[in-house]
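The structure under discussion appears below in the form of structure tokens.
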Amino acid sequence: MHKPVQHHTVLRGVDAISIRSDRTFPRHSHDEFGFGYIAAGGQESWSGRGLVEASAGETITVNPAELHDGIGRKGQPRHWRMLYLSSNAVERLTDMPVERVEFSRPVDQSKQMTRLVIDAITAATLDTPEPDHVEQLVMLALDALLDAPVKCYKPSTLRHSSDVQIVLDMIQQDWATQLTLDDFSGETGASRFQVLRRFSRELGATPHAYLTQLRVKRAKAMIVAGSPLADTAYACGFSDQSHLTRAFSRQLGVTPGCFSRAANA
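Sequential numbering of the sequence shown, starting at 16, is according to my numbering.
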């Protein structure tokens, strides 16, 4: 049994693959950086970093040109999901020269790490992905993988740093417009990666997630006031009504249509 599913993501130089297989893979290497997780079963492999054993729920990584093989635990099938990133993509997403980038651990058992990786891969493989959302989650996963032990992104109770406050002010003032890491970087003078890291540490969410949450709150208020869904979507910065529906449902667990009928009954 061997079932690979390939995804071309919305990020340049980043591809995703999901594989269910009972095959044994001979020693080989990849040109890209790879990170992912074991979704089911377990895997054993030899690599230049030694014997690697990974079980369901654990994060796995591979560096370019790193020789490795792969076999399922006790010959049993396993399922793993990966993102493969070109050197150019890694430089762009980490603000680091590729020569300085290396995954130091082939396996990580941290649940926090696995959650970051799962979130990144899930966002990247959605049928209708949002580029900013995908980019920021992939950047967070890379940040954690390249800086052990994994950091916990919890909201800070302290006063916000100047850069984060600038980003918050931009979001509050222009929440209905398309705001990206490039915009935040240009306004703060910090790199895109620095903006993402600082904001996530202090707020417990990416700038995109925070912006989307604010838009959904505004949309909810407009719907309660009787605004048509299409008008609400446009006014709140969503590309169309379907975009509003996806974001609204993820945040509140109910579609805007259902919410509107209940709110205006």
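We treat Cβ as the ideally placed atom computed from N, Cα and C, and that holds for glycine.
Residues of its chain near residue i, where Cβ-Cβ distance is below 7 Å and the 5 sequence neighbours each way are ignored
i: G272; result: L244
i: I133; result: Y52
i: S70; result: I53 and G57
i: H175; result: L183 and E217
i: R130; result: none
Nearest neighbour of residue i, chosen from the options [CA to CA]
i: F40; options: A31, G87, E47 and A55; result: G87
i: Y225; options: V20, T270, A240 and V179; result: V179
i: V182; options: R42, L155 and R213; result: R213
i: K18; options: P92, P79, L196 and F50; result: P92
i: S215; options: L161, A156 and F263; result: A156
i: H43; options: D162, V77 and R261; result: V77
i: S33; options: R96, L267 and T260; result: R96
i: V231; options: S36, Q266 and S242; result: Q266
i: S177; options: L161, A191, F253 and G204; result: G204
i: D46; options: R233, S36, L196 and S102; result: S102
i: T227; options: L211, S242, G241 and T192; result: T192
i: L196; options: L108, S275 and F274; result: L108
Euclidean distance between Cα positions of residue i and residue j
i: E73; j: C251; result: 38 Å
i: Q187; j: L152; result: 22 Å
i: M237; j: N279; result: 11 Å
i: D123; j: I75; result: 7 Å
i: F207; j: S200; result: Note that residue 207 corresponds to Arg in the displayed sequence, not to Phe. Taking the straight line from one Cα to the other gives about 5 Å.
i: F48; j: L229; result: 34 Å
i: D255; j: Y249; result: 6 Å
i: E217; j: R38; result: 44 Å
i: D239; j: D189; result: In the sequence under discussion, the amino acid at residue 239 is Val, which differs from the Asp named in the question. Distance between the alpha carbons of V239 and D189: 22 Å.
i: A139; j: E202; result: 27 Å
i: K235; j: L194; result: 21 Å
i: D84; j: A31; result: 19 Å
i: R115; j: Y99; result: 18 Å
i: R120; j: V20; result: 26 Å
i: T143; j: H94; result: 24 Å
i: F263; j: G90; result: 44 Å
i: L246; j: A55; result: Note that residue 246 is Asp in the sequence shown, not Leu. Roughly 44 Å separates the two Cα atoms.
i: F50; j: A277; result: 43 Å
i: E117; j: M16; result: 32 Å
i: L259; j: A80; result: 43 Å
i: H154; j: R261; result: Reading off the sequence, residue 154 comes out as Met, not His. For M154 and R261, the distance between alpha carbons rounds to 23 Å.
i: G268; j: E68; result: 38 Å
i: T270; j: S257; result: 10 Å
i: L211; j: R233; result: 24 Å
i: G241; j: L161; result: 48 Å
i: S275; j: T137; result: 29 Å
Neighbourhood of residue i by C-beta distance below 6 Å, restricted to the same chain and skipping five residues each side
i: V165; result: Residue placement at V165 is flagged as unreliable, the pLDDT there being 46, under the threshold of 50; a coordinate-derived value is accordingly withheld.
i: A104; result: G28 and V29
i: L253; result: Looking at the sequence shown, residue 253 is not Leu but Phe. So the qualifying residues of the chain are L259.
i: S36; result: H17
Residue i: CB within 8 Å of a non-hydrogen atom of the ligand FAD
i: L26; result: The model on display carries no ligand, and the ligand FAD is accordingly not part of it.
Residues of its chain near residue i, where Cβ-Cβ distance is below 8 Å and the 5 sequence neighbours each way are ignored
i: P112; result: E106
i: D110; result: S206, R207, F208 and Q209
i: M185; result: L194, D198, F199 and E202
i: A135; result: L98, V149, L152, V153, L155 and A156
i: L82; result: R42, H43, S44, S62 and G63
**OP:** Tell me, please, whether the region 56–65 touches the region 16–25 by the rule of three or more beta-carbon pairs shorter than 8 Å.
**Re:** As far as the Cβ criterion goes, the region 56–65 does not touch the region 16–25, which means the pair count is below three.
**OP:** Could you pull out every unbroken beta strand (DSSP E) segment of at least 3 residues lying fully inside the region 60–101, listed in chain order?
**Re:** Correct list: 65–70, 74–77, 83–87 and 93–100.
Subject >> Touching by the beta-carbon criterion (3+ pairs, under 8 Å), the region 217–230 and the region 140–158 >> reply: The region 217–230 vs the region 140–158: in contact.
**OP:** Identify every run of the alpha helix (DSSP H) within the region 98–177, keeping only runs that are complete inside it and at least 4 residues long; order them along the chain.
**Re:** The qualifying runs are 102–109, 126–139 and 146–160.
**OP:** Mind listing, in chain order, the continuous beta strand (DSSP E) runs of no fewer than 3 residues lying wholly within the region 18–54?
**Re:** When DSSP assignments are scanned along the region 18–54, the uninterrupted stretches of beta strand (DSSP E) that are 3 or more residues long and fall wholly within it turn out to be 29–36 and 40–43.
**OP:** Return the chain-ordered ranges of every alpha helix (DSSP H) run that is complete within the region 202–239 and spans a minimum of 4 residues.
**Re:** Whole alpha helix (DSSP H) segments, 4+ residues: 207–218 and 222–239.
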